[in-house]
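Trainee:
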Amino acid sequence: MTLTISTLDQRSAGERSFADEYRRLYVLASSTARRRGSAVDEVEDVAQETLSRCYSHWPRLSGAAFVDAWVVRTASNVVVDHWRRRRTRDRALGAAPAAPAEVAPHDRIVLAEALMSLPRRQREVLALRYLDDLHEGDVARVLGCSVGTVRKAALRGREALRDRLGDVGLERFRAARAGSAPPRAAVRPG
């Protein structure tokens with residue numbers, strides 16, 4: 229292929245649009261890494277690796293409507309990759325797994341255990357829909373399924389969590405997510 233002025237102009241226009249989107253996509257990637265449980269010191273690495281991958285795919289992504297979903301999915305995959313590398317390294321060295329930087333409150337532990345008891349699809353839908361605040365259509369694009377499948381998995385996942393945690397447990401989690409935990413209410417009647 230012969231490079232012409234118009235080809236160079238198109239390439240630089242694509243690079244400029246990536247530069248324009250960089251800050252927003254970096255915030256999205258780093259917040260996804262934090263929500264996925266990355267250690268504080270790994271969040272920046274995850275965001276940088278995600279945006280490096282994004283840049284290499286930018287010619288295909290630049291005009292697409294699913295850039296945000298792609299970044300969330302890629303950041304999630306990078307978090308898993310980092311976790312696997314750390315686990316493999318620790319096993320090879322015979323070291324104990326690294327302790328998390330912050331100790332999670334009891335409610336987060338209970339919620340994490342309840343989420344882990346769900347089937348994979350329900351867990352993914354609930355995490356993307358309610359922890360990452362994505363719309364149903366965005367969740368469907370990230371997971372490569374229909375909106376109906378997302379709705380069904382979200383409904384069944386919420387029902388399973390409600391059965392496991394009770395209404396009081398879900399309300400405490402919602403309030404903690406909003407920033408103000410309600411008082412620990414009495415045990416659910418019945």
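Counting in our numbering, the sequence shown runs from 229 upward without gaps. Using N, Cα and C, we set each Cβ at its ideal position, and we do this for glycine too. Quantities reported herein were computed from a predicted structural model and do not represent experimental measurements.
1. With a cut-off of 8 Å, do at least 3 Cβ pairs link the segment 302–317 to the segment 253–263?
2. Do you know how far the Cα of Trp298 is from the Cα of Gly372?
3. Kindly indicate which residue of Tyr358, Ala342, Lys380 has the alpha-carbon position closest to the one of Arg390.
4. Cβ of Val367 within 8 Å of Cβ of Leu356?
5. Between the Cα of Ala247 and those of Val378, Arg319, Cys282, Leu359, spot the shortest distance and give me the residue it belongs to.
6. Three-state secondary structure (DSSP) at Asp360?
7. Out of curiosity, what's the CA-to-CA distance linking Leu346 and Arg369?
8. Rank His310, Ser290, Asp296 by C-alpha distance to the C-alpha of Glu270 and give the top, closest one.
9. Going straight from the alpha carbon of Leu256 to that of Arg392, what length do you get?
10. Since I believe Ser266 is in contact with Val274 (beta carbons under 8 Å), could you give me their beta-carbon distance rounded to a whole number of angstroms?
11. Given Ser374, which residues of its chain have a CB within under 8 Å of its CB, disregarding the five upstream and five downstream residues?
Mentor: For this structure:
1. yes
2. Cα atoms of Gly372 and Trp298: separation of roughly 11 Å, rounded to the nearest angstrom.
3. Ala342
4. yes
5. Cys282
6. If DSSP states are grouped into helix, strand and coil, Asp360 belongs with coil.
7. 21 Å
8. His310
9. 31 Å
10. Contact between Val274 and Ser266 holds: CB atoms are separated by about 6 Å, below the 8 Å threshold.
11. Ala368
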